[in-house]
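Here the structure comes first, spelled out in structure tokens, and everything after it is commentary.
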Amino acid sequence: MLLLLFCSFLLGTCYGQFPRACTDDLSLSTGRCCPLWPTTDGTGSPCGEAQGRGTCRQIQPDDSPHSPSYPYVGVDDRERWPTVYWNWTCECRDNFYGVDCSECKYGYVGPNCTERKVLIRRNIFDLSWWERRQFLRALDESKTTVSERWVIPVTPYVDFLTNGTKPAFANVTTYNVLAWMHYYVSRNVLLPDVGVFESVDFAHEGPVFLPWHRLFLLLWERELARFVDDENFAIPYWDWRGLDGCGDVCTDDFLGATPQNISGLLSNETVFSDWQVICTRDDEYDALRTVCDGSPEGPLLRNPGTVPDYSSLPTWQDVRDVLELDQYETPPYDRSANFSFVNTLEGFASPDGIASVRSYLHNAVHRFMNGTLSSVGSSANDPIFIIHHAYVDSIYEVWLRKFRPNVSALTAENAPIGHNRGSYMVPFIPLHTPEDFFTLTTDFGYEYDYLIVIDVAWWEDLGFLKFYGMLVGGMMISGMLLVVTVATTRRFCCQARQIYRPKIRRIVRVPVGPDPTETESSGGETETTPLIDKQEPQPRYAVVYL
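If you read the sequence shown in this note's numbering, its first letter stands for residue 63, the second for the next number, and so on.
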């Protein structure tokens with residue numbers, strides 16, 4: 063009880079996969095992952111029910127048939143996730159979220175989770191020096207800080223079946239928990255008869271690939287933001303289209319340089335040279351009948367561009383081609399599917415949609431790095447994984463906005479195990495299905511900078527130089543038109559005046575007689591006036607134009 067209260071109330075939310083609050087004996091024996099909130103009577107309220115946050119509900123897994131590619135039942139703990147461990151989890155109300163409903167859903171903030179917030183994911187090369195340092199600091203601190211919220215299981219499920227071994231859990235750092243998740247969904251199945259089944263993956267080679275990684279990145283983004291205490295923190299993406307090699311990403315200013323040798327070790331000038339990877343020895347685990355326990359297994363390795371068949375990165379045209387495929391997935395809903403957008407973007411088909419044994423697009427970038435990133439189980443150890451998958455997620459977003467598919471584009475049955483539309487995605491807690499993340503990024507509170515549409519005035523859209531170039535050019539053209547107009551007007555106007563004005567060669571004044579209308583006023587007598595008042599008669603002239 064004290065452990066549950068401490069985790070959920072003092073340490074903040076305990077959301078995630080194998081949350082510490084749900085791995086005690088009581089939670090595992092009752093099958094309940096419903097952490098308690100403190101109440102006035104001291105009894106505790108599961109999922110914050112007394113506060114109106116959520117309620118503890120019984121899980122109803124989707125039992126739609128999956129493809130026959132996985133022929134077993136009850137031999138792996140990922141089947142019918144998460145019922146091997148828990149049958150009850152929190153169902154949060156409104157915009158509340160998390161294992162115990164103490165968090166807000168992605169895209170919401172505030173004490174009551176009612177305020178919308180949108181994060182902007184930007185090209186890693188567009189980050190300022192401070193933003194880049196913040197991102198690198200978040201990565202390094204998450205790598206060196208033991209998670210207070212999560213643990214990882216280190217007991218193989220086959221031991222549960224054969225001898226009833228009680229599950230054991232290990233403490234690991236926050237970054238390593240996330241790297242372990244990627245290993246966990248793709249690891250082989252240890253069979254009770256001492257065999258190993260390899261053809262299974264709960265996050266790759268099927269329809270769930272893109273929704274699963276969208277949720278995975280959201281989880282990673284929120285965890286990294288905790289280390290920099292910045293609510294506006296967003297992971298960047300790496301646009302690798304047509305780049306000539308790894309470029310600036312593989313330098314000490316970004317994610318670590320690789321010296322020109324075959325060792326694959328990173329430069330000592332980067333913090334990533336000190337990183338130790340986990341979960342890289344799949345063959346060894348299978349041989350020992352065990353699973354990855356989070357122990358260090360060596361340094362991070364990269365040899366970009368040294369594999370002959372994958373010496374270059376995907377091109378602009380490759381991305382254009384995959385965005386022409388209008389079907390999200392096609393039968394048989396696995397890596398052999400043709401004209402399937404998800405299968406082609408993942409890289410199991412050429413950009414025009416034809417299934418191939420060669421790797422393309424997403425897979426080709428992994429192969430290009432020729433190191434830790436190139437193996438499915440270990441790839442998340444390399445931080446390039448984050449920025450690479452962020453760009454893949456942006457291509458997924460472009461496709462969603464272009465075709466606006468209905469959730470029926472996700473198959474409800476006959477996909478590989480864990481890939482049906484209604485299957486709970488392994489190993490996420492809270493529970494989510496693929497269809498939950500078959501929708502736009504804005505529903506989860508984030509955007510990609512190059513996809514943002516902003517309503518601006520036409521002159522703002524032109525840019526400074528183009529706008530002022532058009533302004534000055536327009537003024538010059540207007541001035542020239544004004545000069546031409548004035549000159550033309552004067553020319554034709556003057557000709558018109560000459561036509562209608564009489565031509566005057568000289569003016570002659572001709573004297574004329576007195577005005578006959580002037581008569582004497584009083585009986586013909588003439589009035590005399592003083593000399594000073596006498597007015598001389600003015601001569602009269604007629605003007606004659608000659």
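Every residue gets a Cβ at the ideal spot worked out from N, C-alpha and C, and that includes glycine.
Bear in mind that the values here come from a model prediction, so they are computed numbers and not experimental data.
Considering Cα atoms alone, identify which of E497, D86, T434, C308 is closest to N443.
Here residue 443 refers to the residue found at position 381 when the sequence shown is read from its first residue. It is T434 whose Cα lies nearest to the Cα of N443.
Just curious, the beta strand (DSSP E) that W150 is in, first and last residue?
Translated into the one-based positions of the sequence shown, residue 150 becomes position 88. Element bounds for W150: 150–154.
Could you name the residues of the same chain whose beta carbon sits closer than 8 angstroms to that of N185, not counting the 5 residues immediately before and after it, in chain order?
The residue given as residue 185 occupies position 123 in the sequence shown. So the qualifying residues of the chain are P298, Y299, W300, D301, D511, Y512.
How would you call E177, buried or exposed, if buried means at least 16 neighbouring beta carbons within 10 angstroms?
Within the sequence shown, numbered from 1, the residue matching residue 177 stands at position 115. Classification of E177: exposed, given that the 10 Å Cβ count is below 16.
H244 to S437, Cα distance in whole Å?
Position 182 of the sequence shown, counted from the start, is the residue given in the question as residue 244. Position 375 of the sequence shown, counted from the start, is the residue given in the question as residue 437. If you take the alpha carbons of H244 and S437, they lie about 11 angstroms apart.
DSSP-derived helix/strand/coil call for Y372
Reading the sequence shown from its first residue, position 310 is the one you call residue 372. Looking at Y372 - three-state DSSP - the assignment turns out to be helix.
Buried or exposed for Y530, going by 16 or more other Cβ atoms inside 10 Å?
Locating residue 530 in the sequence shown gives position 468, counting from the first residue. Exposed: under 16 other Cβ atoms inside 10 Å.
Name the two residues that bound the continuous alpha helix (DSSP H) containing I449.
The residue given as residue 449 occupies position 387 in the sequence shown. Start and end: 446–465.
Exposed or buried, T515, counting other C-beta atoms within 10 Å across all chains shown (16 or more means buried)?
Stepping through the sequence shown from its first residue, residue 515 is reached at position 453. A small fix is needed here, since residue 515 is Val in this sequence, not Thr. So V515 ends up on the exposed side.
In angstroms with no decimal places, state the Cα-to-Cα distance between S131 and E193.
Stepping through the sequence shown from its first residue, residue 131 is reached at position 69. Stepping through the sequence shown from its first residue, residue 193 is reached at position 131. So the two alpha carbons sit approximately 45 angstroms from each other.
Go through its chain and collect everything with a Cβ distance to L201's Cβ below 6 angstroms, but skip five positions before and after it.
By 1-based counting over the sequence shown, the position of residue 201 is 139. Counting only Cβ-Cβ distances below 6 angstroms, and skipping sequence neighbours, we find P445.
Determine the DSSP secondary structure at L385, reduced to helix, strand or coil.
Along the sequence shown, read from residue 1 onward, the residue named residue 385 stands at position 323. Coil.
Buried or exposed: which applies to P173, given that a residue is buried once 16 or more other Cβ atoms fall within 10 Å of its Cβ?
Position 111 of the sequence shown, counted from the first residue, corresponds to residue 173. It counts as exposed.
Express the C-alpha separation of D498 and P81 in angstroms, rounding to a whole number.
As a first step, residue 81 is located in the sequence shown; it is residue number 19 there, counting from the start. As a first step, residue 498 is located in the sequence shown; it is residue number 436 there, counting from the start. Each residue's alpha carbon lies about 21 angstroms from the other.
Count the other CB atoms within 10 Å of the CB of F187; is the residue buried (16 or more) or exposed (fewer)?
Working through the sequence shown from its first residue, we reach residue 187 at position 125. Flag for F187 reads exposed.
What does the Cβ neighbour count give for G415, buried or exposed, with the cut at 16 atoms within 10 Å?
Here residue 415 corresponds to residue number 353 of the sequence shown, with the count starting at 1. Flag for G415 reads buried.
Kindly indicate the opening and closing residues of the alpha helix (DSSP H) around Y237.
Translated into positions along the sequence shown, residue 237 becomes position 175. Note, Y237: alpha helix (DSSP H), 236–248.
According to the neighbour-count rule (16 or more other Cβ atoms, all chains shown, within 10 Å of its Cβ), is N330 buried or exposed?
Your numbering for residue 330 matches position 268 in the sequence shown. Classification of N330: exposed, given that the 10 Å Cβ count is below 16.
Please report the straight-line C-alpha distance between Q79 and G114, rounded to a whole angstrom.
In the sequence shown, the residue the question calls residue 79 occupies position 17. In the sequence shown, the residue the question calls residue 114 occupies position 52. Rounded to the nearest angstrom, the two C-alpha atoms are 24 angstroms apart.
Is the beta carbon of L279 sitting closer than 8 angstroms to the one on V404?
For the purposes of this step, residue 279 is identified with residue 217 of the sequence shown, where counting begins at 1. For the purposes of this step, residue 404 is identified with residue 342 of the sequence shown, where counting begins at 1. Result no, Cβ atoms of L279 and V404 do not sit closer than 8 angstroms.
Taking the CB atoms as reference points, tell me whether P97 and C84 lie closer together than 8 angstroms.
What you label residue 97 is simply residue 35 of the sequence shown in a count that begins at 1. What you label residue 84 is simply residue 22 of the sequence shown in a count that begins at 1. A contact, by the Cβ cut-off of 8 angstroms.
In terms of DSSP beta bridges, what is G116 paired with?
What you label residue 116 is simply residue 54 of the sequence shown in a count that begins at 1. DSSP, once it has assigned bridges, lists C154 as partnering G116.
So what does Q338 bridge to, in DSSP terms?
Against the sequence shown, residue 338 aligns to sequence position 276. DSSP, once it has assigned bridges, lists P361 as partnering Q338.
What's the call for I491, buried or exposed, on a 16-neighbour Cβ count within 10 Å?
Translated into the one-based positions of the sequence shown, residue 491 becomes position 429. By the 10 Å Cβ count, I491 comes out buried.
Taking the beta carbon of K205 as the centre, do at least 16 other beta carbons fall within 10 Å, making it buried, or is it exposed?
As a working mapping, residue 205 is identified with position 143 in the sequence shown. Buried is the call here.
Is the CB-CB distance between P366 and G307 below 8 angstroms?
One-based indexing of the sequence shown puts residue 366 at position 304. One-based indexing of the sequence shown puts residue 307 at position 245. A contact, by the Cβ cut-off of 8 angstroms.
Hey, quick one: how far does the beta strand (DSSP E) through E475 stretch, first residue to last?
In the sequence shown, the residue the question calls residue 475 occupies position 413. Where E475 is concerned, there is no enclosing beta strand (DSSP E), given that its DSSP letter is neither H nor E.
Can you tell me which residues form a DSSP beta bridge with Y299?
Working through the sequence shown from its first residue, we reach residue 299 at position 237. DSSP, once it has assigned bridges, lists N185 as partnering Y299.
Could you check what DSSP says for P108 in three-state terms: helix, strand or coil?
Position 46 of the sequence shown, counting from 1, holds the residue named residue 108. P108: strand per DSSP, three-state reduction.
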